[in-house]
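In the numbering used here, the protein residues as written are 119 to 597.
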C-alpha cells in the first residue's frame, strides 16, 4: 500500500492505494483560514499537524495503514512557514492567497534578475515577497528566522525530522533557478536570506527521509518507510492525471481554472503571465495558465439569478455559436495573461434577446475564452496541446466541455469517475520513491468518453474570441 497526504487550504486529505493503484481507503479533516485584516490569509502550521493526525487515526482505525510501504506529500503552494532554531513557527503561515505583500512583489518584479532566473513574474502570493514584507514590517520577528519551509514540507518535518523541499513547490517561491533546479543565492540575498535558511531539495519521486519511529508506532505504520519528495498541488495533480510528458495537458474547472501542460524542456516566458515551474519528476517542467474565476463565475451568476448552477447548465441543449452578448469573467482580477489584480468583469452586448439561457451560455463562453487565452499564452512559448483531460466540478457540464473543445480546437477527454487529484498523485510519488519506479506508472485515468470539437462552430468561436479580446482591452482601466 502507498499513502498520499494532500495539505489543502480547506482540509487535509489522506488516500491509500495498493500495488495496482486502486483506491483502498481515504479520509479528510477540515481546516479553517484566519483573515485578521483585509487581504490577509493565514493558518497555524500545527493545525495542519492536528488535521493530519485525525486522518491517520481514522485510517489506522480501519486497518488501512499496516501494509503501507511509502508516503508521498502534496500541498498548497507558496505559503511561508517561518521557523526558529527550535523548529517552532515564529508567526502564522502566510498563505498563497494573501495579498499583503503587493508592494514588495512589485519591487522584486521590477528587478530583472527575478524573472530572468526564476522564469516567472513575482506575484504577491509567492513566498519571497512575504519574507520581504516580514523583514520590513516585523524586523524583530524576521531576526529570529532560522528556516523557511513550504506548507507540505512542514508536514514532512513532522513526519521525518528533516528540512527538505522539492522542485515543483520550490519553483513557486521566487528564489529558485527553475532551469537549473537549485536555490539561487543571489535572489535569496536580495530578500535578506541565505542558503542555510532553505531546505535541501530533492526531486518529487526521490526519497526525502524516513518515517519517525514514534509516529510509525502510533499509527501502526511500518517503521522507517520512505517519504517521497512529493509535489505542489498542481504538479501532484499532474502526476495523478498522468500529465507527465510533452503534449499532455489537463484543464481544471474548479473555483479557479488551470490549464496545465507538461514539458520536456524549460520554456519560460514571464511576459505572458504563464507559470513555468519544475514538475515533480526529474528533467521535466510544466507550464500553467491560471484564471481566477471558473466555476466561481458560474456560481456567481447562479446566485444573481436565484438558480443553482447545474439547473442553469443542464437545460442548454447542444452547443451553439456564440451570440452577441459577451461575458468577461474577471470578478477578482485576472492572472494569465493579464496579470491585473484591478481589472473587473463585465457583460457586453446585452440586448432584448439576452434571456437567462443566453446569459448562462455567455458566462460559460467567457470562461472558455479565458482558457483559450491561456492556451494562446502557452503556444507563444512553443507548447503545443494535442488533447486536454478535463477535471473539476465544471467538467460535469456537457455544454462547457463542448465549448472548450471547439474554442481550443482540441479533443477534451473526460475520465471515468474516480479520484485522480493531488492526493492520488502524492500516493503515486510515494510508490515511485518506495520501489524506484519511474514516470511510466503515472498513466492517464481510463477514458469515459472524448468530446471532439464541433467543426461547424470552430470558426464562430474563433471570431467571437477576437471580439472577446477587443472587449478585454476596452474594459481595462474602466472597471
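Even for Gly, the Cβ is constructed at its ideal location relative to N, Cα and C. In this text, all values refer to a predicted model and were calculated from it rather than measured experimentally.
Going by C-alpha to C-alpha distance, which of the options sits closest to residue i?
i	options	result
residue 451	441, 444, 462, 333	462
residue 568	131, 162, 522	522
residue 350	441, 268, 201, 401	268
residue 212	236, 352, 266	266
residue 423	129, 286, 474, 253	474
residue 436	515, 398, 348, 180	515
residue 410	495, 459, 182	459
residue 276	426, 326, 438, 566	326
residue 170	156, 192, 294	192
With a 10 Å radius around its C-beta and 16 neighbouring C-beta atoms as the bar for buried, classify residue i as buried or exposed.
i	result
residue 393	buried
residue 152	exposed
residue 534	exposed
residue 318	exposed
residue 557	buried
residue 346	buried
residue 324	buried
residue 222	buried
residue 164	exposed
residue 299	buried
residue 254	exposed
residue 128	exposed
Going by DSSP in three states, residue i sits in which element: helix, strand or coil?
i	result
residue 200	strand
residue 186	coil
residue 410	coil
residue 538	coil
residue 148	strand
residue 397	coil
residue 417	helix
residue 586	helix
residue 607	Beyond the ends of the chain as shown, which are 119 and 597, falls residue 607; an answer cannot be given.
residue 310	coil
residue 370	strand
residue 274	helix
residue 284	strand
residue 386	coil
residue 475	helix
Report yes if the C-beta of residue i is less than 7 Å from at least one heavy atom of the ligand SAH; otherwise report no.
i	result
residue 222	With respect to the ligand SAH, the structure offers nothing, as it holds no ligand at all.
To the nearest whole angstrom, what separates the beta carbons of residue i and residue j, a pair I think is in contact under 8 Å?
i	j	result
residue 357	residue 560	5 Å
residue 487	residue 525	7 Å
residue 371	residue 505	Not a contact, Cβ separation roughly 16 Å.
residue 143	residue 134	5 Å
residue 502	residue 331	Contact flag wrong, Cβ pair sits at about 49 Å.
residue 236	residue 396	About 11 Å separates the two Cβ atoms, so there is no contact after all.
residue 220	residue 263	Their Cβ separation, rounded to whole angstroms, is 21 Å, which puts residue 220 and residue 263 out of contact at 8 Å.
Could you name each continuous beta strand (DSSP E) segment of 3 residues or more that falls completely within the region 193–262, going from the start of the chain to the end?
199–201
Mind listing, in chain order, the continuous beta strand (DSSP E) runs of no fewer than 3 residues lying wholly within the region 541–581?
The qualifying runs are 565–569.
Which runs of the alpha helix (DSSP H) at least 4 residues long sit entirely within the region 330–359? Give them in chain order.
331–337, 351–359
My parser needs the alpha helix (DSSP H) runs of 4 or more residues fully inside the region 482–528; what are they?
Those alpha helix (DSSP H) runs which fall completely within the region 482–528 and span 4+ residues are 516–526.
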